[in-house]
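Mind the numbering: the sequence shown is residues 99 to 232 in our numbering, read in order. Beta carbons: idealized from backbone N, C-alpha and C, even for Gly.
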Amino acid sequence: MDRRVEWRVSSRKQLRVQQIGFVVLLLLFTWTLTCDDVASFPRVAYLLLVLIPAMNIVAGRARTVADVDGVEVCGGVRTRHVPWSAVDEVRAVHSEWTDPKVEMHLTDGSSRTLPCIPTDAVPQLEELRAAAHE
């Protein structure tokens, strides 16, 4: 099996980041209009002009790529490659407090959350993991 599967952040989630950034921009803009220190407005505006696009870029980079060699996890800022030999278990985690997510438990006892993967993709990951051990 020589297959490579990639999951990326959905455009709906990326739109949500943009909406949050816009709300933060409006709140800070309103705050600068009501504060007495008018000199702070340009600093806040410049900060927001950098911060909001940076949030969007980081959110857009999030992805998980899996193949028979292992899993490449990009959380937005940092990319890590984890070989299947270091993976003990891949499972879906359901909680009443958060959205369902997919976690990979490593042989060293740590765990990593795999971004952008739906919980119904766990069998596909297990299939790739089994193919790597053959």
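What is the rounded straight-line gap between the Cα of residue i and the Cα of residue j?
i    : j    : result
C214 : S183 : 22 Å
E201 : P221 : 13 Å
I155 : L149 : 10 Å
E224 : D206 : 19 Å
R176 : R159 : 9 Å
M99  : V169 : Because the pLDDT at M99 is just 48, under 50, the model does not fix this residue reliably, and the point stays unresolved.
R110 : V166 : 29 Å
S108 : H203 : 24 Å
Going by the beta-carbon positions, is the gap between residue i and residue j smaller than 8 Å?
i    : j    : result
V103 : A164 : yes
V227 : V185 : A quick correction: the sequence has Arg, not Val, at residue 227. Yes, they are a contact pair.
L126 : L146 : yes
V171 : R178 : yes
Could you spell out where the beta strand (DSSP E) holding residue i opens and where it closes?
i    : result
A164 : 161-165
A228 : A228 -> not in any beta strand (DSSP E); alpha helix (DSSP H) instead, spanning 220-230.
G168 : 168-172
Which of helix, strand or coil does DSSP assign to residue i?
i    : result
R141 : helix
R110 : helix
P181 : strand
T211 : strand
V191 : strand
V121 : helix
V115 : helix
Give the single residue among the options whose Cα lies nearest to the Cα of residue i.
i    : options                : result
V191 : L124, D218, L131       : D218
G174 : S209, K199, R161       : R161
Y144 : E170, L123, W105       : L123
D197 : L212, H203, L204, E187 : L212
Could one say the Cβ of residue i lies closer than 8 Å to chain B's Cβ atoms, at least one of them?
i    : result
E224 : Looking for chain B here will not work: only one protein chain is present.
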